[in-house]
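Sequential numbering from 707 applies to the sequence shown in the working numbering.
Virtual Cβ for every residue (Gly too), placed ideally from N, Cα, C.
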Amino acid sequence: MKAWLYSSTKGGLEKNLVYSPDARTPGSPLGNQLLIQVISTSINPADYKVPATSTVFGKVMIAATPASPGMDFCGRVIAVGPDPSAQQFTPGQLVFGCLGMPRQFGTLGEYILATPNQTAPLPLGVDPDPAATIGVAGRSSYQSIVPYISGPGSRVFINGGSGGCGVYGIQIAKLLGCHVTVTCSTRNIQFCRDLGADEVIDYTAQDVLEVLKSQGQVFDHVVDHIGSPEGLYQECHAFLKPGKAFVQVGASSMVTFAHRLIRPSFLGGGCRKYVVLLMKNHNDEFVQIANWIREGKIRVEFDAVYEFEDTVKAFERLCSGRTRGKIVIHVTSPDSEAA
């Protein structure tokens, strides 16, 4: 099969990607596995950050190498394993989902193996490209917001409103009836407002922490996709109500997660519940988000769409930190026949 492969993350995963027209396939499906031909994939910071942070003495530990990056997918079922759970899918059926973590046969290879809990049927009226963005960004936003909202009128602060997760987060929070405050740069202020944000803090022109603290304890929930400013969690008790949660989805460094987790409040740590989001695969969430897209209640914003041969450019764009919405890569044609 065709695939983009890496064996090292030195200097950045994108600098180590090599195209292979005849890479090894993942093999036939066993047990509850599904063999899927990938049509579209979207890439996420975790696709390069996780392999990089799991490299020890130059060896990538998260997956056997050479490996293909990518977790999100929309594709076509080619074959199903013998278990009854796999038999609910049929060859030729269009599906979408997420592999959950980087692995050897990622979605920037033509074929992947997935399981039923990682996969859902593609609803009529939803195209492959939007469906391919749901896996990481859509479900991270869902899981970081929905379980914590008690009802309409809740006030939510989302740190990082214009990235892939932020775009989903704003819209999901608004669907729940929340008042939404976000951060973004000057050029993305109107973009976030158009998505539904009620209040936008321009981090390039304002002191985010001071703006939040000046409002008092008004927020019912906080979602952090950025990890900065540094004191955001330590001082969140000034703007987050007692008993409410601060959910960390992303950060530029794993040090942020560790520092916020282990530093006790009496040594200057945060005084609110700190939750590091560990994304889980739930089919009902896949289906709910896809139906919101089909119904026009959520719109998927694309920063860029690349063809398979331009995968390195796609990762360079992602690593720039300047994306607005999702980056999608076409792996095969929706009309192509499996080899």
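Within a 10 Å sphere around the beta-carbon of Gln940 sit 16 or more other beta-carbons, which makes this residue buried.
Taking C-beta separations shorter than 6 Å and ignoring five residues to either side along the sequence, the partners of Val981 in its chain run Ala951, Val953, following chain order. One thing to note: Ala820 has its Cβ within 8 Å of the Cβ of Leu805. Distance check between Val786 and each of Pro797, Asp833, Ala838 places Pro797 closest, using alpha-carbon atoms only. In the structure shown, the three-state DSSP call for Arg782 is strand.
In the structure shown, His1036 falls within a strand segment according to DSSP collapsed to helix, strand and coil. In the DSSP assignment, Leu881 falls outside any beta strand (DSSP E) and lies within the alpha helix (DSSP H) extending over 870–881.
Within the same chain, Gly867, Ser868, Arg1030 come within 8 Å of Asn894 by CB-CB distance, once the 5 residues on both sides are set aside.
Per DSSP, reduced to three states, the secondary structure at Thr715 is coil, with no helix or strand assignment.
Gly844 is classed as buried because its beta carbon has at least 16 other beta carbons within 10 Å across all chains shown.
The continuous stretches of alpha helix (DSSP H) do not include Asp1009, which lies in the beta strand (DSSP E) extending over residues 1008–1013. For the 8 Å CB-CB criterion, Val1037 and Ile745 form a contact. In the DSSP assignment, Pro757 falls within the unbroken alpha helix (DSSP H) covering 751–759.
Taking a cut-off of 8 Å on C-beta distances, the segment 990–1005 touches the segment 832–844, as three or more cross pairs fall below it. Here Phe802 carries a strand assignment [DSSP, helix/strand/coil].
Restricting attention to Phe897, Thr892, Ile855, Ser860, the CA atom closest to the CA of Gly872 is found in Phe897.
The segment 807–827 makes contact with the segment 769–784; the number of CB pairs closer than 8 Å reaches 3 or more. Annotated three-state conformation of Asn823 is helix, per DSSP. Between Glu720 and the set Thr731, Ala752, Val917, the nearest pair of CA atoms involves Ala752. Per the coordinates, the alpha-carbon of Val783 lies some 47 Å from the alpha-carbon of Lys947. Here the segment 707–720 lies against the segment 1011–1030, with 3 or more beta-carbon pairs under 8 Å apart.
Checking the DSSP bridge columns, you'll see Asn865 partnered with Asp930. By the 16-neighbour rule on beta-carbons within 10 angstroms, Gln793 is exposed.
Rounded to whole angstroms, Ala709 and Leu741 show a C-alpha spacing of 15 Å.
Listed as beta-bridge partners of Ile818 by DSSP are Ile742. By the criterion of a C-beta distance shorter than 6 Å, Asn750 is surrounded in its chain by Val842, once the five residues flanking it on both sides are discounted.
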